[in-house]
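Under my numbering, residue 215 is the last one in the sequence shown; the count climbs by one each step, no gaps.
All C-beta atoms, glycine included, are put in the ideal place defined by N, C-alpha and C.
First the structure, in the form of structure tokens, and then the observations on it.
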Amino acid sequence: NLKIETPDFPEFEKSVFVVPAPPNAPDAPQVRVFKHNNVFRYPVYGKKAEREMKRARKLAEKAREAGENARIESEKARLENQKARWEGNKERIEGENRKAITYDFKYTQPTAIKVTANSMRYSLDGSSFSATGVSKIDRDGVGVSRIYVNGKDAWDENMKVIIDGKEASKEDLKIMKGDQIESISIKKNTENGKMIGEISINMKKQKVKEDL
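Shown next as structure tokens:
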């Protein structure tokens with residue numbers, strides 16, 4: 004028995020001819036009629052052909068997924084290589100920074116103050132003087148703003164600052180230049196968790212020109 008599907012096309016005349024099957028012939032495949040650009044097409048699909056087409060579609064889908072996975076793996080490899088380059092650049096920059104910091108410690112500016120735990124190395128203008136017991140000195144412009152003893156601000160610890168035997172104020176320190184200092188010494192005690200004592204600063208003696 005033949006099955007014929009003929010879409011309804013009222014505006015066109017159509018005719019479909021099917022050759023009669025011989026006696027005891029197997030069931031014929033389904034015939035589907037399609038119209039495209041006023042041309043009738045009669046593709047015939049059997050069950051085996053349809054199975055092959057489904058299998059081919061599945062293989063094509065798997066191939067597409069495999070290609071997508073390969074693209075993703077390639078992108079991951081590219082990102083890993085880029086990350087490795089960034090890490091290499093980061094190590095190089097950090098190495099250059101460490102080198103620069105080493106140079107900064109070794110070659111100080113002549114106007115910088117550098118102090119170790121017990122000895123002043125440079126004054127504001129590069130001149131050297133003793134600063135026993137001083138852990139740090141901050142400057143304000145060309146003068147001294149703060150003096151630290153054991154890491155603590157002497158002003159916060161209520162320590163007195165004595166310049167050439169006279170008690171000084173913060174303003175006196177701010178106008179004092181580094182090249183005017185002969186030496187700094189500390190006398191301190193601790194009471195109730197607070198340092199007390201004196202910071203004694205001796206100034207350089209100015210030479211007096213003799214009148215001729």
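In the DSSP assignment, Glu160 falls outside any alpha helix (DSSP H), carrying neither H nor E. Between Ile204 and Ile178, the C-beta spacing is not below 8 Å. The C-alpha of Glu90 is placed about 35 Å away from the C-alpha of Arg67. In the assembly as shown, Met162 is a buried residue. Its beta-carbon has 16 or more other beta-carbons within 10 Å.
Distance between Glu83 and Arg58, taken at the CA atoms: about 37 Å. Between the beta-carbon of Ile189 and that of Gly196 there is about 18 Å, and that puts the pair past the 8 Å contact cut. Closest option to Met206, judged by alpha-carbon separation, among Glu185, Glu194, Thr193: Glu185. Only residues of its own chain outside the window of five on either side were considered, and among them none has a CB closer than 7 Å to the CB of Ala80.
About 6 Å separates the beta carbon of Ile140 from that of Ile150, a gap short enough to meet the 8 Å contact definition.
Looking at the DSSP output, Asn192 sits in a beta bridge with Ile199. Of the candidates Asn192, Ile202, Lys93, Ile202 places its Cα closest to the Cα of Lys169. As computed with DSSP, Lys169 is found in a beta bridge with Ile166. Counting only the Cα atoms, Gln85 lies some 33 Å from Ala63. For Asp167, the CB contacts under 7 Å within the same chain, skipping 5 residues up- and downstream, are Asn205, Met206 in chain order.
Rounded to the nearest whole angstrom, the C-alpha separation of Asn153 and Lys173 is 19 Å. The bridge partners DSSP lists for Lys155 are Val152. CA-to-CA, the gap between Asn192 and Met198 works out to about 6 Å. Per the DSSP secondary-structure output, Ile140 pairs in a beta bridge with Ile150.
In the three-state scheme derived from DSSP, where H, G and I count as helix and E and B as strand, Met56 is classed as helix. Each of Glu71, Lys208, Ala171, Asp159 was checked against the Cα of Gln183, and the nearest Cα belongs to Lys208.
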